[in-house]
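With positions in the sequence shown counted from 1, the corresponding number in the working numbering is that position plus 232.
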Amino acid sequence: MKSIGLWLLSLALLVLPGSVLASPERLEADLRAMFGETGTFEIGDVSSPMLSFGSRVVADTLIYDSGHGERVLVDRYTVRGDYDAPDAVMIDGLRVEDTRSGLTVVSVETLNFEEPSHAVFPLQNESLADAWRTEGLSVDNLAIDLASDVAMELFHDTPWADGRGRLNIARIEGRELAADRIGLLEANELSGEGENLGELGSGSFRLASLRLVDARNLDIEEEARVGELLLSDMVIDTDRLVGAFERLRVDGDTDDGEGGVWLDAMHLDLNRMVELAPVDQRTQMRMFSNVLTDGTGELDLDVAFEGRWTAEDDMGSIMSHGVVDMANALHLRLDMDLPVAVPTGMEPAAYFAGLNDFEDMTLLGGDIILHLEEQGLFGRIAPVGAAMAGISEQQFIERARTQAQGFGMVLGDDVKAILMALVGMLEGNVSELTISASLPPNSNLDSYREDPLGLSEQLSIRVESR
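So, in C-alpha cells, the structure goes:
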C-alpha cells in the first residue's frame, strides 16, 4: 500500500510539472482571510481527493456570520489546477441570509470561474481586488432580493436603486471579465417583480436575454464605453407601463465610426395603462390613447437612430438617420449631414470616438432634413380637441389656423409655413411635410439654443408640403 501511494505521488508530479499543487491548508487560510477578522467563520471540511493527484482541493460547508445580521453559506468551494493560476473555481450552493428577518437575500445554485487570477477573491485587499480577472464565468439560478445591500450595489445608479422585490436569472455566461472591462456578459431568462422600480412603478417583467459586449473603462465613470447592449423579448406589466418589445439594441462602439439605437416591435397596451392610472388622470389618458390608436388602445411602434462619422485632415463629418414609425398614426424621419471642425492638435478619429458633448462642436455648415408623414394621427386630433374645447371641428381648425398665423408673425415666414402645413394635416389637405435646413459655415448648438426666435434668420429653411 505504501508503494502505491508513492507511485501515485510520482505520477502527480509528472502530470503537473512546475505547478503549485492545491493545498487544503492554503485554501482554508485564504477563505478565512477573505472574510476578514470580524464575525465568525466555520468550515466543515477541507481536503484534496486522492485521485485528483493534488490538482483539486475542496472546502465543504462554509458558514460566515458577520455578527451584524448577515450570514454567508456555501455548500462547496472547489479549486481545480495550479493554485496560483487555477483552471477553474467552482462554488456550489451560495446563499446570503439576513439573520434578522430570516430572508435569503441572494442565492446561487452554481457559480463557476474559468482561469481566474486568484483561487479566492481578495476581498480585503483593494489593490488585488481591482486586479482580479477571469477568462470565463457561468452562473446558474441567481436570485436577488432588490432591497438587499447586494442589489443596491448592483443597481446604485439605476432607477431600481430603491426598489423592493425579487430578481431571478436562470443563466449567466461571461468572457474576459475584470474590474474595468467586460468582454462578454449574457444573461438568459430574467424575471422580476417588485415595488418602486423607478419609472416602471410596481409590477413584474420578463426578459428572454440580455447581452453586453465589449464594455471598457468601467472603473472610470466618465470614460466608460459599451460596445453593444442587446435586450430581447421583454414583457413589462406594471402600474405605469404595460407592454412588450422584441428587441432593443444599442451600439455604443464609436471607434468603428458607427453607432445607434434600435427599438423593434414595441407594443403598448394603453387600455391597461388607463385602467391602472390614478382616477384623476384616466380621462386625459383615455383621450390621448384614442388619438394615438384610433380607439383600439393598442399602440405599435418602431424606432431607429443610427449615425456614423468620417474624418480627414482637420475636418470630419457626422451623418445620422432617425426613424419613428407609429402604426396607423405617423411616420417621422430625420436626416443630418454635418461637417465638423476638429480641434487643433487632435487626431480626427480620436476626437470623434471620445466625443461626449455635441454642444461643443464647431459646425461648418451642413444640412438637416425632417420629414413627417401623416398616417391618421392628425386626422384624429381635430375631433378630440374640438370635443374637449366644446366647439365644432371647423371652429377648432380655424382657431389653430389663427394661432399659426399669429406665431408666424412673431417667428417669421418659415415657421408660419411649417405651422400652416400642420393645420393642413388637421384638415386632411396635407399628408406629407418636409423641412430642410441648411446651417451657416461656422456655428455651434449653443448659438441656436441661446436665440431660438432667431433660428429662421440663422438657418436657410425650405418647407415643402403635399
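Where a beta carbon is used, it is the ideal one built from N, C-alpha and C, also for glycine.
All of these numbers come straight from a predicted model, not from anything done at the bench.
Report buried or exposed for residue i, applying the criterion of at least 16 other Cβ atoms within 10 angstroms of its Cβ.
{"i": "residue 343", "result": "buried"}
{"i": "residue 285", "result": "Note that residue 285 scores a pLDDT of 49, beneath 50, so its modelled location is shaky and nothing firm can be said."}
{"i": "residue 590", "result": "exposed"}
{"i": "residue 300", "result": "exposed"}
{"i": "residue 350", "result": "buried"}
{"i": "residue 698", "result": "exposed"}
{"i": "residue 259", "result": "buried"}
{"i": "residue 452", "result": "exposed"}
{"i": "residue 289", "result": "buried"}
{"i": "residue 521", "result": "buried"}
{"i": "residue 381", "result": "exposed"}
{"i": "residue 459", "result": "buried"}
For residue i, collect the residues of the same chain with a Cβ closer than 6 angstroms to its Cβ; drop the 5 residues on either side in sequence, then sort them by chain order.
{"i": "residue 415", "result": "407 and 408"}
{"i": "residue 438", "result": "423 and 467"}
{"i": "residue 469", "result": "435 and 436"}
{"i": "residue 400", "result": "375 and 423"}
{"i": "residue 322", "result": "310 and 344"}
{"i": "residue 404", "result": "371 and 419"}
{"i": "residue 268", "result": "356"}
{"i": "residue 666", "result": "603 and 696"}
Taking Cβ to Cβ, would you say residue i is nearer than 7 angstroms to residue j?
{"i": "residue 568", "j": "residue 552", "result": "yes"}
{"i": "residue 597", "j": "residue 571", "result": "yes"}
{"i": "residue 606", "j": "residue 657", "result": "yes"}
{"i": "residue 421", "j": "residue 443", "result": "no"}
{"i": "residue 318", "j": "residue 280", "result": "no"}
{"i": "residue 514", "j": "residue 523", "result": "no"}
{"i": "residue 509", "j": "residue 517", "result": "yes"}
{"i": "residue 489", "j": "residue 413", "result": "no"}
{"i": "residue 272", "j": "residue 297", "result": "yes"}
{"i": "residue 483", "j": "residue 475", "result": "no"}
{"i": "residue 676", "j": "residue 594", "result": "yes"}
{"i": "residue 433", "j": "residue 377", "result": "no"}
Which residue from the options puts its Cα closest to that of residue i?
{"i": "residue 373", "options": "358, 443, 457 and 398", "result": "398"}
{"i": "residue 339", "options": "304, 354 and 346", "result": "304"}
{"i": "residue 609", "options": "514, 664 and 504", "result": "664"}
{"i": "residue 328", "options": "295, 308, 310 and 315", "result": "295"}
{"i": "residue 642", "options": "686, 332, 633 and 523", "result": "686"}
{"i": "residue 603", "options": "682, 696 and 595", "result": "696"}
{"i": "residue 496", "options": "512, 417, 478 and 363", "result": "478"}
{"i": "residue 310", "options": "287, 298 and 547", "result": "287"}
{"i": "residue 562", "options": "533, 579, 537 and 573", "result": "533"}
{"i": "residue 525", "options": "544, 545 and 500", "result": "500"}
{"i": "residue 705", "options": "691, 634, 281 and 611", "result": "No answer is possible for residue 705: the residues shown for the chain start at 233 and end at 698."}
{"i": "residue 357", "options": "266, 633 and 565", "result": "266"}
{"i": "residue 366", "options": "427, 320, 516 and 454", "result": "320"}
{"i": "residue 694", "options": "679, 650 and 678", "result": "650"}
{"i": "residue 312", "options": "557, 298 and 348", "result": "348"}
{"i": "residue 679", "options": "474, 690 and 355", "result": "690"}
{"i": "residue 278", "options": "293, 271, 268 and 272", "result": "293"}
{"i": "residue 182", "options": "555, 486, 445 and 476", "result": "Coverage of the chain is limited to positions 233 through 698, which leaves residue 182 absent and any answer about it impossible."}
{"i": "residue 440", "options": "539, 463 and 359", "result": "463"}
{"i": "residue 425", "options": "379, 692, 458 and 502", "result": "379"}
{"i": "residue 326", "options": "636, 332 and 291", "result": "291"}
In three-state DSSP terms, what is residue i?
{"i": "residue 326", "result": "strand"}
{"i": "residue 481", "result": "strand"}
{"i": "residue 746", "result": "Given that the chain is displayed from residue 233 to residue 698, the structure contains no residue 746 and the question cannot be resolved."}
{"i": "residue 309", "result": "strand"}
{"i": "residue 315", "result": "coil"}
{"i": "residue 373", "result": "strand"}
{"i": "residue 696", "result": "strand"}
{"i": "residue 669", "result": "strand"}
{"i": "residue 274", "result": "strand"}
{"i": "residue 464", "result": "strand"}
{"i": "residue 687", "result": "helix"}
{"i": "residue 518", "result": "helix"}
{"i": "residue 681", "result": "helix"}
{"i": "residue 721", "result": "Residue 721 cannot be examined here, being either before or after the span of the chain that is shown, 233 to 698."}
{"i": "residue 404", "result": "strand"}
{"i": "residue 285", "result": "With a pLDDT of 49 at residue 285, under the threshold of 50, the predicted position of this residue should be treated as unreliable, and no value is reported."}
{"i": "residue 301", "result": "coil"}
{"i": "residue 571", "result": "strand"}
Please go through the same chain and pick out, in chain order, the residues whose beta-carbon is closer than 7 angstroms to the beta-carbon of residue i, but skip the five residues on each side of it.
{"i": "residue 615", "result": "625"}
{"i": "residue 628", "result": "614, 617, 618 and 621"}
{"i": "residue 681", "result": "none"}
{"i": "residue 647", "result": "639, 640 and 688"}
{"i": "residue 332", "result": "301"}
Does chain D have any CB closer than 7 angstroms to the CB of residue i?
{"i": "residue 520", "result": "Here chain D cannot be found, since the structure has a single protein chain."}
Beta-carbon within less than 8 angstroms of residue i's beta-carbon, same chain only, minus the 5 sequence neighbours each way: which residues are those?
{"i": "residue 384", "result": "393"}
{"i": "residue 547", "result": "571, 572, 573, 574, 580 and 596"}
{"i": "residue 456", "result": "447, 448, 449 and 450"}
{"i": "residue 709", "result": "This structure gives no information on residue 709, because the portion of the chain shown stretches from 233 to 698."}
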